[in-house]
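For the sequence shown, this note's numbering gives the first residue as 281, with consecutive numbering after it. Beta carbons: idealized from backbone N, C-alpha and C, even for Gly. Have a look at the structure below before the remarks.
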Amino acid sequence: MTHKYARTTARWVACTTLTTALTTALAVTGTTAAHADYYDGGMPSRSFNVKAVGINDTWVGFLDTGRSNWNNAGAGASIGRNSSARAEFTAGRYSQSWYGLYDPSGLRPINRVFKIKANARTLERDSGSRMTEWCRSTTTHELGHALSLDDNPNTGRVSLMKHNRNRTTVQKPQPYDVSEVRRIYS
Ligand SMILES: [Zn+2]
Numbered sequence: 281m282t283h284k285y286a287r288t289t290a291r292w293v294a295c296t297t298l299t300t301a302l303t304t305a306l307a308v309t310g311t312t313a314a315h316a317d318y319y320d321g322g323m324p325s326r327s328f329n330v331k332a333v334g335i336n337d338t339w340v341g342f343l344d345t346g347r348s349n350w351n352n353a354g355a356g357a358s359i360g361r362n363s364s365a366r367a368e369f370t371a372g373r374y375s376q377s378w379y380g381l382y383d384p385s386g387l388r389p390i391n392r393v394f395k396i397k398a399n400a401r402t403l404e405r406d407s408g409s410r411m412t413e414w415c416r417s418t419t420t421h422e423l424g425h426a427l428s429l430d431d432n433p434n435t436g437r438v439s440l441m442k443h444n445r446n447r448t449t450v451q452k453p454q455p456y457d458v459s460e461v462r463r464i465y466s
């Protein structure tokens, strides 16, 4: 299981033997897994649904903006919101330092799901008067992990997936991010 933290560059990896074997097999068969910006914790398809869990209308709105940002980006994504979806989005006031957390489970080709958490505490603390923008940027960023984008891509271009992005102005997938999703799922 690999957690993606929006704020720090730290990564925690604790693969099961089966997951490791599968990842190795995919790399050997020449998929996109070897590319630096590819994140194997994402969904096997660009079309999937998310369930909003325990959040108010404001936070559902942030989730919906994140979905719209991707669905309208030309990346081929179709992210729905459905109360019976197994993938989850929630928010809370967590003690950890991250703004958002993406936590996948299951095996990518078989039963992959994820849980996204947004941290209202750190977002409120650090965003000044730009809380709405930062929440939208964070939500869209975390959904980028579900679309197999890694943190801090190795590019000089602007990217939603960079931790040092301007969260006020970079709320949506950038051209680089869109091209990467298209490449990964092509
Ligand atoms: Zn991230």
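At a cut-off of 8 angstroms, is residue i close to ligand 1 when judged by its beta-carbon and the heavy atoms of the ligand?
i       : result
Met-441 : yes
Gly-322 : no
Gly-346 : no
Glu-422 : yes
Asp-431 : yes
Tyr-382 : yes
Lys-395 : no
Quick check: does the Cβ of residue i come within less than 8 angstroms of any heavy atom belonging to ligand 3?
i       : result
Tyr-456 : What this structure holds is ligand 1, not ligand 3.
Quick one, are the C-beta atoms of residue i and residue j less than 9 angstroms apart?
i       : j       : result
Arg-361 : Val-340 : yes
Pro-384 : Gly-321 : yes
Arg-347 : Val-333 : no
Arg-416 : Phe-342 : yes
Ignore the nearest five residues each way along the sequence and tell me which others in residue i's own chain have a CB closer than 7 angstroms to its CB.
i       : result
Arg-462 : Ala-355 and Gly-356
Ile-335 : Thr-370 and Ala-371
Asn-446 : none
Could you please give me the residues that DSSP links to residue i through a beta bridge?
i       : result
Gly-408 : Gly-408 pairs with nothing; no bridge assigned.
Asp-383 : Lys-395
Glu-368 : Lys-331 and Lys-395
Ser-358 : Ser-327
Leu-429 : Tyr-318
Lys-284 : Tyr-382
List the whole-angstrom C-beta distance separating residue i from residue j, where the pair is believed to meet the contact cut-off of C-beta under 8 angstroms.
i       : j       : result
Asn-399 : Tyr-379 : 5 angstroms
Could you pull out every residue in the same chain whose Cβ sits closer than 8 angstroms to the Cβ of residue i, ignoring the five residues on either side in sequence?
i       : result
Thr-289 : Legend: pLDDT at Thr-289 = 37, less than 50; position of this residue unreliable, value from coordinates given subsequently. Correct list, in chain order: Asp-431, Asn-432 and His-443.
Within a Cβ cutoff of 6 angstroms, which residues of the same chain sit near residue i, ignoring the five residues on either side of it in sequence?
i       : result
Tyr-465 : Arg-326
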